[in-house]
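J.: For reference, the structure I am asking about is given below.
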Amino acid sequence: NLTGGIKGGVHVTDVTNASRTMLMNIHSLRWDQTLIEFFNIPNGVILPEIRSCSEVFGRMVDGPLAETKIAGCIGDQQAALLGQMCFLSGQAKSTFGTGCFVLYNTGRKPVISEHGLLTTVAFKMGAHTDPIYALEGSVAVAGFAAKWLMENLEVVDSYQDLTMKADTVENTNGVHFVPAFSGLYAPYWRSDARGTISGLTMEMTDAHLMRATLEGICFQTKDVLQSMQSDTGHPTTALNVDGGMSVSDTFLQILTNLCGIPVVRPKMVETTALGAALAAGFAVGVWRMHSVKSDCDTYVPTICYKEQKTKYDMWKNAIKQSIGWNRDNDEDNDDFAGF
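Each residue of the sequence shown is one higher than the one before, counting from 4 in the numbering used here.
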């Protein structure tokens, strides 16, 4: 519509958005006839031309921006990966909103996951460049767990209050909160999982529950990072973060402690918007890839590996206890033995 719609406008999309339709072959970057037939797409449907994320698609036809070039098009999480300057293979980012979305740049080679992750196109910076691929892990509940405490249980008034209260205790006193309200997503994919709060004792306080909530989100992130390491054979050396939850220093310190790697938060927190701007800017020569830099705050672990492992082992036990509540799905709890 920006380029004229039915009156001569361009009918195009980019590789990242096309990949989300489940109709594009991620290797050829073309619409896949087998998939089109599988999903019973009618013959009369005209699918858009698939292009890169960074090239001039057309120009605005009217309004105050008439004749302005439209030079970038990229999916939401891929834009955040780009905005985090994760240009190189091995770099990863995690967006913490209501859910959590982790993307790991695998370079020019698509890595087919055997550990519960999605293989996707990260970006393609120009019509004549090679595509860059990624592994993606989605966690259903992140910030929504905090929202649940605020709105459903009414035990805290705001996210800031939650993190401040969590910071008043050094640990969860053995409490684990698995926020599987709608099942578990990556890397488990268990629809029969349900939210559990375990390890309760008479000594537990609301502060312990607040901290267990933050730890549960961090452990789910670690689950995804562990799967990425298993698929690629390479550990993630740092995690770039953004999203609403990343404003909290307390949350990020817990995240770096439990994941055991540096956590990096850019000063420019609107990374999705920045990524879209970079895609357009690269196309018209405003910036050159790899020349753009970002000022960041870095958080590093303050606990030892032994403590990390002990905590993670307890988390895995809590995960196992959250499985099997919805028996209608007839899923086997033993499937978790490998995670």
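Even for Gly, the Cβ is constructed at its ideal location relative to N, Cα and C.
1. DSSP beta-bridge partners for Leu345?
2. Helix, strand or coil, according to DSSP, for Glu310 in the structure here?
3. Arg214 lies in the alpha helix (DSSP H); which residues open and close that run?
4. Below 8 Å on the Cβ atoms is my guess for Ile135 versus Ala125; work out the distance and round it to an integer in Å.
5. Does the Cβ of Met25 have 16 or more other Cβ atoms within 10 Å, making it buried, or fewer, making it exposed?
6. Which whole runs of the alpha helix (DSSP H) in the stretch 146-199 are 4 residues long or more, in chain order?
7. Apart from the five residues just before and just after Phe180, which ones in its own chain have a Cβ nearer than 6 Å to its Cβ?
8. For the beta strand (DSSP E) that Glu139 lies in, which residues bound it at each end?
9. Opposite Lys72 in the DSSP bridges: which residues?
10. Given Ser249, which residues of its chain have a CB within under 6 Å of its CB, disregarding the five upstream and five downstream residues?
11. Got a sec, what are the start and stop residues for the beta strand (DSSP E) Ile53 sits in?
12. Per DSSP, which one or two residues make a beta bridge with Arg15?
13. Rounded to whole angstroms, what's the CA-CA distance from Leu91 to Ile257? Just pull it up for me.
14. Below 8 Å on the Cβ atoms is my guess for Glu139 versus Leu156; work out the distance and round it to an integer in Å.
15. Under 8 Å, with one C-beta from each stretch per pair, do the stretch 34-43 and the stretch 9-26 reach the 3-pair mark?
16. By alpha-carbon positions, which one of Pro182, Ala21, Lys72 ends up nearest to Lys323?
17. Under 9 Å, do Ala276 and Gly75 count as touching if we go by C-beta distance?
T.: Checking against the coordinates, here is how it stands:
1. Because residue 345 is not part of the residues shown, which for the chain are 4 to 342, the question remains open.
2. helix
3. For Arg214, the enclosing alpha helix (DSSP H) has its first and last residue at 209-235.
4. 4 Å
5. Per the 10 Å Cβ criterion, exposed.
6. 146-151, 162-169
7. Ile200, Ala215, Thr216, Gly219
8. 135-142
9. Arg62
10. Phe99, Arg268
11. 52-54
12. Before going further, note that residue 15 is Val rather than Arg in the sequence given. DSSP, once it has assigned bridges, lists Glu52 as partnering Val15.
13. C-alpha separation (whole angstroms): 26 Å.
14. Not really, about 31 Å apart at Cβ, beyond 8 Å.
15. The stretch 34-43, when compared against the stretch 9-26, does touch it at the 8 Å Cβ threshold.
16. Pro182
17. no
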